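Worksheet for the structure shown next.
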Amino acid sequence: MKKTVVLGASPSPNRVSYSAIIKLLNKGIEVIPIGIREGEVGEVEIIRDRPEIEDVHTITLYLNPQLQKQYYDYILSLKPKRIIFNPGTENSELFKLAKESGIETEYACTLVLLALDDY
Numbered sequence: 204m205k206k207t208v209v210l211g212a213s214p215s216p217n218r219v220s221y222s223a224i225i226k227l228l229n230k231g232i233e234v235i236p237i238g239i240r241e242g243e244v245g246e247v248e249i250i251r252d253r254p255e256i257e258d259v260h261t262i263t264l265y266l267n268p269q270l271q272k273q274y275y276d277y278i279l280s281l282k283p284k285r286i287i288f289n290p291g292t293e294n295s296e297l298f299k300l301a302k303e304s305g306i307e308t309e310y311a312c313t314l315v316l317l318a319l320d321d322y
């Protein structure tokens, strides 16, 4: 199972992170949505703090690089196997920190990976 943290989750159906969460859930993937606004995606509550989570396979980012900075330590503390930098979230500083921590990194689109069954 590829437990996935969606960082930058939004309760707005117009946002890409919302669509990604729905598609991940539809694929049977456990999703932990973390965002700055309260709300739900499907029947999953968005978490507004930084919970300890074990066995994280993937963190998929939907935060711009400036907002990511406040999450660097948290992201690295989760020890994910992979971080996906979705379009608009590209960040060479976090990319380098992740690589140095042995985390696989990719500039990709979660929605495309899911559509191609390449997630």
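Just so we're on the same page, the working numbering is the position in the sequence shown counted from 1, plus 203. Ideal Cβ placement from N, Cα and C applies to all residues, glycine included. No experiment lies behind these values; they were computed from the predicted model shown.
- Between the region 258–272 and the region 292–305 there are three or more inter-stretch CB-CB distances shorter than 8 Å, so the stretches are counted as touching.
- Boundaries of the beta strand (DSSP E) around E309: E307 to Y310.
- Counting C-beta atoms within 10 angstroms of its own C-beta, P283 has 16 or more neighbours from the protein chains shown and is therefore classed as buried.
- Excluding five sequence positions before and after I306, the CB atoms of its chain that fall closer than 8 Å to its own CB belong to L279, K282, P283, K284, R285 and I286, given in chain order.
- Annotation for F288: L264 and Y310 place their beta carbon closer than 6 Å to its own, counting only its chain and skipping 5 residues before and after.
- In the DSSP assignment, L270 falls within the unbroken alpha helix (DSSP H) covering P268 to Q271.
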